[in-house]
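A.B. asks:
There are 2 protein chains.
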Amino acid sequence: MNLLEYINQHRDEHLHELFQLLRIPSVSAKSEHKPDIQRAAQWIADKLTAIGMDGVEIIPTKLHPLVYAEWLRAPGKPTILFYGHYDVQPPEPLELWTSPPFEPTVRKGRLYARGSADDKGQVHIHLAALASLMNVYGQLPINVKLIIEGEEEVGSENIYKFVRENKRKLKADALLVSDTSMVAGGVPSITYALRGLNYYEIEISGAEQDLHSGVFGGVAPNPLQVLADLFARLHDKDGRVAVPGFYRDVQTLSKVEHRALHALPWSEKDLRRFVGSPGLNGEKGYTTLERLWCRPTLELNGMWGGYMGEGAKTVIPAKAWAKFSTRLVPNQDPKKIAAMVEKQVRRLLPKTVKCKFQTLSQGKPWVATYDSPIFQTAIRALTEGFGRKAVFIREGGSIPFVTEVHDELRVPCVLMGFGLPDENAHAPDEHISLDHYYGGIRSVARFYEDLAALKPGEVASKKRS
Amino acid sequence: MNLLEYINQHRDEHLHELFQLLRIPSVSAKSEHKPDIQRAAQWIADKLTAIGMDGVEIIPTKLHPLVYAEWLRAPGKPTILFYGHYDVQPPEPLELWTSPPFEPTVRKGRLYARGSADDKGQVHIHLAALASLMNVYGQLPINVKLIIEGEEEVGSENIYKFVRENKRKLKADALLVSDTSMVAGGVPSITYALRGLNYYEIEISGAEQDLHSGVFGGVAPNPLQVLADLFARLHDKDGRVAVPGFYRDVQTLSKVEHRALHALPWSEKDLRRFVGSPGLNGEKGYTTLERLWCRPTLELNGMWGGYMGEGAKTVIPAKAWAKFSTRLVPNQDPKKIAAMVEKQVRRLLPKTVKCKFQTLSQGKPWVATYDSPIFQTAIRALTEGFGRKAVFIREGGSIPFVTEVHDELRVPCVLMGFGLPDENAHAPDEHISLDHYYGGIRSVARFYEDLAALKPGEVASKKRS
Numbered sequence: 001m002n003l004l005e006y007i008n009q010h011r012d013e014h015l016h017e018l019f020q021l022l023r024i025p026s027v028s029a030k031s032e033h034k035p036d037i038q039r040a041a042q043w044i045a046d047k048l049t050a051i052g053m054d055g056v057e058i059i060p061t062k063l064h065p066l067v068y069a070e071w072l073r074a075p076g077k078p079t080i081l082f083y084g085h086y087d088v089q090p091p092e093p094l095e096l097w098t099s100p101p102f103e104p105t106v107r108k109g110r111l112y113a114r115g116s117a118d119d120k121g122q123v124h125i126h127l128a129a130l131a132s133l134m135n136v137y138g139q140l141p142i143n144v145k146l147i148i149e150g151e152e153e154v155g156s157e158n159i160y161k162f163v164r165e166n167k168r169k170l171k172a173d174a175l176l177v178s179d180t181s182m183v184a185g186g187v188p189s190i191t192y193a194l195r196g197l198n199y200y201e202i203e204i205s206g207a208e209q210d211l212h213s214g215v216f217g218g219v220a221p222n223p224l225q226v227l228a229d230l231f232a233r234l235h236d237k238d239g240r241v242a243v244p245g246f247y248r249d250v251q252t253l254s255k256v257e258h259r260a261l262h263a264l265p266w267s268e269k270d271l272r273r274f275v276g277s278p279g280l281n282g283e284k285g286y287t288t289l290e291r292l293w294c295r296p297t298l299e300l301n302g303m304w305g306g307y308m309g310e311g312a313k314t315v316i317p318a319k320a321w322a323k324f325s326t327r328l329v330p331n332q333d334p335k336k337i338a339a340m341v342e343k344q345v346r347r348l349l350p351k352t353v354k355c356k357f358q359t360l361s362q363g364k365p366w367v368a369t370y371d372s373p374i375f376q377t378a379i380r381a382l383t384e385g386f387g388r389k390a391v392f393i394r395e396g397g398s399i400p401f402v403t404e405v406h407d408e409l410r411v412p413c414v415l416m417g418f419g420l421p422d423e424n425a426h427a428p429d430e431h432i433s434l435d436h437y438y439g440g441i442r443s444v445a446r447f448y449e450d451l452a453a454l455k456p457g458e459v460a461s462k463k464r465s
Numbered sequence: 001m002n003l004l005e006y007i008n009q010h011r012d013e014h015l016h017e018l019f020q021l022l023r024i025p026s027v028s029a030k031s032e033h034k035p036d037i038q039r040a041a042q043w044i045a046d047k048l049t050a051i052g053m054d055g056v057e058i059i060p061t062k063l064h065p066l067v068y069a070e071w072l073r074a075p076g077k078p079t080i081l082f083y084g085h086y087d088v089q090p091p092e093p094l095e096l097w098t099s100p101p102f103e104p105t106v107r108k109g110r111l112y113a114r115g116s117a118d119d120k121g122q123v124h125i126h127l128a129a130l131a132s133l134m135n136v137y138g139q140l141p142i143n144v145k146l147i148i149e150g151e152e153e154v155g156s157e158n159i160y161k162f163v164r165e166n167k168r169k170l171k172a173d174a175l176l177v178s179d180t181s182m183v184a185g186g187v188p189s190i191t192y193a194l195r196g197l198n199y200y201e202i203e204i205s206g207a208e209q210d211l212h213s214g215v216f217g218g219v220a221p222n223p224l225q226v227l228a229d230l231f232a233r234l235h236d237k238d239g240r241v242a243v244p245g246f247y248r249d250v251q252t253l254s255k256v257e258h259r260a261l262h263a264l265p266w267s268e269k270d271l272r273r274f275v276g277s278p279g280l281n282g283e284k285g286y287t288t289l290e291r292l293w294c295r296p297t298l299e300l301n302g303m304w305g306g307y308m309g310e311g312a313k314t315v316i317p318a319k320a321w322a323k324f325s326t327r328l329v330p331n332q333d334p335k336k337i338a339a340m341v342e343k344q345v346r347r348l349l350p351k352t353v354k355c356k357f358q359t360l361s362q363g364k365p366w367v368a369t370y371d372s373p374i375f376q377t378a379i380r381a382l383t384e385g386f387g388r389k390a391v392f393i394r395e396g397g398s399i400p401f402v403t404e405v406h407d408e409l410r411v412p413c414v415l416m417g418f419g420l421p422d423e424n425a426h427a428p429d430e431h432i433s434l435d436h437y438y439g440g441i442r443s444v445a446r447f448y449e450d451l452a453a454l455k456p457g458e459v460a461s462k463k464r465s
């Protein structure tokens with residue numbers, strides 16, 4: 001049977017299988033979900049075994065386990081290392097979901113569930129493609145290693161360690177990742193640049209306990225006011241991050257790249273409609289697309305303290321907290337940035353309070369040259385799988401693992417993503433387009449098949465990608 | 001039997017009774033506590049009936065009921081209107097209480113429970129004094145009306161309406177309130193000025209839903225950042241409230257009053273030790289005591305939005321919230337201030353977000369001249385009850401009812417308080433000194449007794465207090 005015919009005939013079977021994976025609430029940020037994380041890892045491992053992969057392992061780490069599998073029975077053919085993650089973002093606020101986050105539901109050609117786009121749905125595209133290849137040909141046409149982690153949403157710390165200590169085990173001719181988006185519905189896309197991510201948390205302490213705002217107001221330091229003053233001063237009036245040195249190493253866009261980016265079938269109007277706020281904002285002197293993909297940011301992700309209940313409570317809280325993050329662009333060094341940010345935060349804080357500063361995670365930005373043969377193979381496979389010309393794009397999000405592996409293994413990284421920016425990856429009603437899911441399976445299967453035509457030495461370009 | 005002897009012999013009985021009242025979690029801010037509010041009102045009414053008061057009523061309002069009772073069988077004697085409240089602040093955060101908030105516990109001469117100082121403990125001082133007078137003399141020496149409300153911690157809205165519509169019922173020669181503090185342990189105090197309180201809540205809306213901070217960061221408005229920018233700009237660099245017109249009507253302190261305030265047995269060192277923060281702050285050009293008692297403030301009481309859980313979530317929240325309040329000093333008009341604050345907030349907000357602005361409550365500041373005979377009677381009774389010279393003080397807190405009644409009934413208001421500023425009125429481990437509780441019962445009973453020596457016309461001074 002023809003490969004694409006097989007895939008089309010097994011649409012429902014693949015989807016049904018994905019439902020099983022999406023039903024497991026594998027939220028990596030919350031310790032109460034540790035058993036679910038374990039179940040999700042087991043589900044993936046069982047599936048890989050069922051497909052017929054070799055060396056399936058659940059590898060424990062200090063936090064959440066990695067799942068590994070391989071197929072190395074294609075001598076003389078290229079070896080691909082596939083990376084994905086089976087953990088998901090917390091689903092809260094639950095009341096904003098149309099259907100429950102862990103009960104996959106199809107509405108109008110979209111599959112709704114936490115993890116449907118980020119990243120279980122995309123991981124499953126590869127599982128379904130591998131299963132299809134195996135069922136049609138009785139073997140895989142190339143060598144494949146898979147490493148699927150459970151900590152992507154909380155910093156990927158343990159997989160870095162694993163990669164550094166297992167370079168031989170993971171050796172491959174290229175890295176393949178599906179955890180990114182397409183530039184627009186139906187337009188298959190390869191992402192060649194990602195922003196890096198540092199995530200921070202600070203705790204501001206004033207008085208030793210909550211105080212009555214009448215009795216002590218006007219005298220006791222207010223940690224909420226301190227946070228407001230601090231974050232107001234971390235941006236200047238032009239929307240630039242006001243941390244000395246923050247922009248020092250930022251790579252500027254070449255004219256060619258600038259032109260290419262602004263020629264993409266990308267619609268600012270669609271973005272505005274999706275965001276739905278009365279207006280957009282950002283750093284002065286840059287277009288919206290540059291702000292999204294090519295400029296670093298500092299963003300508050302959470303802030304809290306004092307009375308948050310119904311009605312009024314006249315309190316000056318003893319403590320207040322903020323979670324915030326910096327997105328980094330090529331050439332910025334997360335370690336240097338974390339030190340700069342902490343230094344500036346401490347410099348801006350008044351002497352009336354104490355501050356606990358934590359950098360919860362660090363991740364490098366990444367950019368690839370995309371002239372190696374594997375990218376041409378990928379573009380062809382995507383164009384065939386979707387019936388529409390595939391394009392090269394950048395992305396504002398972060399996949400710390402990509403940079404880490406790129407640095408350690410020094411191979412090209414192909415980011416072939418099947419999500420869309422408006423699919424609520426980290427918000428209620430996360431979903432994936434079923435057309436993209438099925439198009440993904442077709443493209444990925446074709447990609448694995450077509451790679452067999454390359455010799456291992458031909459995969460990467462002469463230039464280091 | 002002598003009155004003071006009776007009181008001393010019934011110490012344990014009175015305390016045991018107070019425990020019953022403190023065990024009722026009458027939190028007015030939370031609708032789930034409505035039945036507890038009802039139980040507390042009933043408890044007070046039953047107690048007043050048991051004491052032998054006439055006309056005991058539980059008066060329903062749109063929110064929480066008022067309790068009223070009277071004793072009008074002392075013709076030719078002055079009539080006192082006593083005001084107190086049986087509602088309490090929310091007890092959260094629960095984990096910071098040494099013993100549970102609604103299980104009264106005595107440790108080292110202090111009674112710990114939510115409401116012990118603010119204001120159930122102080123209300124009970126009057127109930128115990130009245131019961132003692134009634135048991136010793138078989139009647140009360142003067143005419144007494146009591147009105148005890150259940151909404152003080154949420155704005156007192158319904159009692160205002162009741163006062164306006166029932167001026168005749170509430171007519172009295174003076175108002176008596178015990179909901180304030182003493183200037184220092186063992187130093188009985190009469191408060192002659194209070195700050196007013198306006199309480200506000202704002203909701204900032206940006207995108208229509210939470211967004212991924214990588215995919216949309218740098219472009220989508222961040223309501224948390226908007227709150228930070230807003231509140232940073234609501235104070236200037238000298239710690240002054242940056243709302244045009246805010247200080248316009250503020251009364252300045254006379255030299256005489258300035259000298260009197262700074263001669264009080266009040267210790268900044270004790271305040272610093274109690275607050276426990278690395279430093280204090282406040283408006284430039286004023287002493288700590290002036291900042292606490294005589295200057296208006298704008299204070300954040302709560303702020304929240306985005307991810308507040310364990311670990312990291314890279315989200316730009318769709319909405320963020322803040323609760324804040326302004327403390328007002330004599331001559332500032334809450335209505336004008338609320339309008340100024342809203343206008344300035346809206347002026348400072350960027351066009352990229354929407355804002356819902358609510359003034360949850362308004363309350364006027366209050367100041368009294370204290371040369372009427374009733375104040376001399378009160379100072380003598382307090383001096384006798386505590387065995388130490390009583391003093392006149394101001395207070396930074398607010399009792400909106402005092403101003404409202406003062407405006408409506410135009411009688412002197414005697415604020416005889418038995419708390420201390422460091423008794424955590426709105427925080428975990430709220431407590432009251434048992435010495436102050438017992439001293440309070442002695443002083444109040446003596447005060448009621450001594451007032452019988454005044455003719456109704458003599459109670460108030462010629463000057464309007």
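Keeping their order, the protein sequence lines are chains A and B.
Numbering of the first sequence is given in the working numbering, commencing with residue 1 and proceeding in unit increments.
Numbering of the second sequence is given in the working numbering, commencing with residue 1 and proceeding in unit increments.
Virtual Cβ for every residue (Gly too), placed ideally from N, Cα, C.
So TRP43/A packs on ASP54/A, CB below 8 Å; how close in whole Å?
C.D. replies: The sequence position of residue 43/A within the first sequence is 43, counting from 1. The sequence position of residue 54/A within the first sequence is 54, counting from 1. No, TRP43/A and ASP54/A are not in contact; Cβ-Cβ is about 19 Å, not under 8 Å.
A.B. asks: Please return the same chain residues whose Cβ sits closer than 6 Å to the Cβ of LEU48/A, not counting the five positions on each side in sequence.
C.D. replies: For this step, residue 48/A is matched to residue 48 along the first sequence. So the list reads VAL56 and ALA69, once near-sequence residues are dropped.
A.B. asks: In angstroms, rounded to a whole number, what distance separates the CA positions of PRO334/A and ASP236/A?
C.D. replies: Residue 334/A sits at position 334 when you count from the first residue of the first sequence. Residue 236/A sits at position 236 when you count from the first residue of the first sequence. Each residue's alpha carbon lies about 21 Å from the other.
A.B. asks: The beta strand (DSSP E) with THR49/B in it runs from where to where?
C.D. replies: Here residue 49/B is taken as the residue at index 49 of the second sequence, counted from 1. Premise fails: THR49/B lies in the alpha helix (DSSP H), 34 to 51, not in any beta strand (DSSP E).
A.B. asks: Just how far apart, CA to CA, sit MET303/B and ILE202/B?
C.D. replies: For the purposes of this step, residue 303/B is identified with residue 303 of the second sequence, where counting begins at 1. For the purposes of this step, residue 202/B is identified with residue 202 of the second sequence, where counting begins at 1. Taking the straight line from one Cα to the other gives about 9 Å.
A.B. asks: Is any beta-carbon of chain B found at less than 8 Å from that of ILE316/A?
C.D. replies: To locate residue 316/A, count along the first sequence from 1; it is residue 316. Yes, contact with chain B.
A.B. asks: Classify ARG110/A as helix, strand or coil using the three-state DSSP reduction.
C.D. replies: Locating residue 110/A in the first sequence gives position 110, where the first residue counts as 1. Residue state, collapsed to three classes: strand.
A.B. asks: Using the C-alpha atoms, what's the distance from GLN362/A back to GLN344/A?
C.D. replies: On the first sequence, residue 344/A is found 344 positions in, with the first residue counted as 1. On the first sequence, residue 362/A is found 362 positions in, with the first residue counted as 1. GLN344/A and GLN362/A: Cα-Cα distance of roughly 17 Å.
A.B. asks: Compare the Cα-Cα distances from GLY214/A to each of PRO296/B, VAL243/B and ALA263/B and report the closest residue.
C.D. replies: Mapped onto the first sequence, residue 214/A falls at position 214. Of the candidates PRO296/B, VAL243/B and ALA263/B, the one whose C-alpha sits nearest the C-alpha of GLY214/A is PRO296/B.
A.B. asks: For chain B, check one thing: does any of its Cβ atoms lie closer than 8 Å to the Cβ of ASP238/A?
C.D. replies: Here the question's residue 238/A lines up with position 238 in the first sequence. No, because no Cβ of chain B sits closer than 8 Å to the Cβ of ASP238/A.
A.B. asks: Please list, in chain order, the residues of the stretch 238 to 264 of chain A that have any C-beta partner in chain B closer than 7 Å.
C.D. replies: Taking 7 Å as the Cβ-Cβ cut-off against chain B, none of the residues of the stretch 238 to 264 of chain A qualify.
A.B. asks: Kindly list, in the order they appear in chain B, the residues whose Cβ is closer than 8 Å to that of GLU469/A.
C.D. replies: Absent from the model: residue 469/A. The displayed extent of chain A is 1 to 465, so no value can be given.
A.B. asks: Can you find a CB in chain B that lies within less than 8 Å of the CB of TYR199/A?
C.D. replies: Position 199 of the first sequence holds residue 199/A. Chain B contact via Cβ: present.
A.B. asks: Mark HIS14/A as exposed unless 16 or more other C-beta atoms lie within 10 angstroms of its C-beta, in which case mark it buried.
C.D. replies: Counting from 1 along the first sequence, the entry for residue 14/A is found at position 14. With 16 or more Cβ atoms within 10 Å of its Cβ, HIS14/A is classed as buried.
A.B. asks: GLU95/B touches chain A at which residues, Cβ-Cβ below 9 Å?
C.D. replies: As a working note, residue 95/B is residue 95 in the second sequence. Within chain A, no residue comes near GLU95/B; the closest Cβ sits about 12 Å away, beyond 9 Å.
A.B. asks: At the 8 Å Cβ level, is ALA427/B part of the contact set with chain A, yes or no?
C.D. replies: Locating residue 427/B in the second sequence gives position 427, where the first residue counts as 1. With 8 Å as the cut-off, ALA427/B counts as an interface residue toward chain A.
A.B. asks: In angstroms, rounded to a whole number, what distance separates the CA positions of THR403/A and GLY285/B?
C.D. replies: The count along the first sequence starts at 1 and reaches residue 403/A at position 403. The count along the second sequence starts at 1 and reaches residue 285/B at position 285. Taking the straight line from one Cα to the other gives about 54 Å.
A.B. asks: What beta strand (DSSP E) runs, 3 residues minimum, are completely inside the stretch 95 to 140 of chain A?
C.D. replies: With a minimum length of 3 residues, the continuous beta strand (DSSP E) runs that stay inside the stretch 95 to 140 of chain A are 105 to 107 and 110 to 112.
A.B. asks: Less than 8 Å separating the beta-carbons of ILE125/A and TYR437/A?
C.D. replies: Sequence index remark: in the first sequence, residue 125/A carries index 125 (1-based). Sequence index remark: in the first sequence, residue 437/A carries index 437 (1-based). The answer is yes: Cβ separation under 8 Å.
A.B. asks: Less than 8 Å separating the beta-carbons of ARG468/B and GLY196/B?
C.D. replies: Past the edges of chain B, shown from 1 to 465, lies residue 468/B, and the structure says nothing about it.
A.B. asks: Applying the 10 Å Cβ sphere with the 16-neighbour rule, what's the burial state of GLY387/B?
C.D. replies: As a first step, residue 387/B is located in the second sequence; it is residue number 387 there, counting from the start. Result: exposed.
A.B. asks: Measure the beta-carbon distance from THR61/B to PHE162/B and round it to whole angstroms, keeping in mind my assumption that it falls under 8 Å.
C.D. replies: What you label residue 61/B is simply residue 61 of the second sequence in a count that begins at 1. What you label residue 162/B is simply residue 162 of the second sequence in a count that begins at 1. Their Cβ separation, rounded to whole angstroms, is 7 Å, which keeps THR61/B and PHE162/B in contact under 8 Å.
A.B. asks: Does the structure place the stretch 423 to 440 of chain B close enough to the stretch 87 to 101 of chain B that three or more beta carbon pairs sit under 8 Å?
C.D. replies: Yes, the stretch 87 to 101 of chain B is in contact with the stretch 423 to 440 of chain B.
A.B. asks: From the beta carbon of LYS335/A, is the nearest beta carbon of chain D less than 8 Å away?
C.D. replies: Looking at the structure shown, chain D is missing, and the protein chains on hand are A and B.
A.B. asks: So which residues of chain B does GLU283/A contact, with C-beta pairs closer than 8 Å?
C.D. replies: Taking the first sequence and counting its residues from 1, one reaches residue 283/A at position 283. In chain order: GLY218.
A.B. asks: Determine, for THR105/B, whether the minimum Cβ-Cβ distance to residues of chain A falls below 8 Å.
C.D. replies: Taking the second sequence and counting its residues from 1, one reaches residue 105/B at position 105. So no, THR105/B is outside the interface.
A.B. asks: Step through the CB atoms of chain A and report whether any lies within less than 8 Å of the CB of SER466/B.
C.D. replies: Outside the displayed range of chain B (1 to 465) lies residue 466/B, so it cannot be described from this structure.
A.B. asks: Does VAL215/B have its Cβ less than 8 Å from a Cβ in chain A?
C.D. replies: Counting from one through the second sequence, the residue named residue 215/B turns up at place 215. Judged by the 8 Å Cβ criterion, VAL215/B is in contact with chain A.
A.B. asks: Taking DSSP as the reference, what is the three-state secondary structure of ILE316/B?
C.D. replies: Counting from one through the second sequence, the residue named residue 316/B turns up at place 316. Note: ILE316/B maps to strand in three-state DSSP.
A.B. asks: Measure from the alpha carbon of ILE337/A to the alpha carbon of each residue in LYS255/A, GLY279/A, VAL367/A and TYR247/A, then state which is nearest.
C.D. replies: Within the first sequence, the letter at position 337 stands for residue 337/A. Ranking LYS255/A, GLY279/A, VAL367/A and TYR247/A by Cα distance to ILE337/A puts TYR247/A first.
A.B. asks: Could you check if MET340/A is buried or exposed, using at least 16 other CB atoms within 10 Å of its CB as the buried criterion?
C.D. replies: Sequence index remark: in the first sequence, residue 340/A carries index 340 (1-based). Classification of MET340/A: buried, given that the 10 Å Cβ count is 16 or more.
A.B. asks: Kindly give me the distance between the Cβ atoms of LEU21/B and LEU176/B, rounded to whole angstroms, as I take these residues to be in contact under 8 Å.
C.D. replies: The count along the second sequence starts at 1 and reaches residue 21/B at position 21. The count along the second sequence starts at 1 and reaches residue 176/B at position 176. Contact doesn't hold; Cβ gap of about 19 Å is too wide.
A.B. asks: From this set, ALA318/A, ASN135/A and LEU382/A, which residue's C-alpha is nearest MET1/A's C-alpha?
C.D. replies: Here the question's residue 1/A lines up with position 1 in the first sequence. Checking every option, the nearest Cα to that of MET1/A belongs to ASN135/A.
A.B. asks: Pull the bridge partners of GLN362/A from the DSSP assignment, please.
C.D. replies: For the purposes of this step, residue 362/A is identified with residue 362 of the first sequence, where counting begins at 1. None, per the DSSP bridge assignment.
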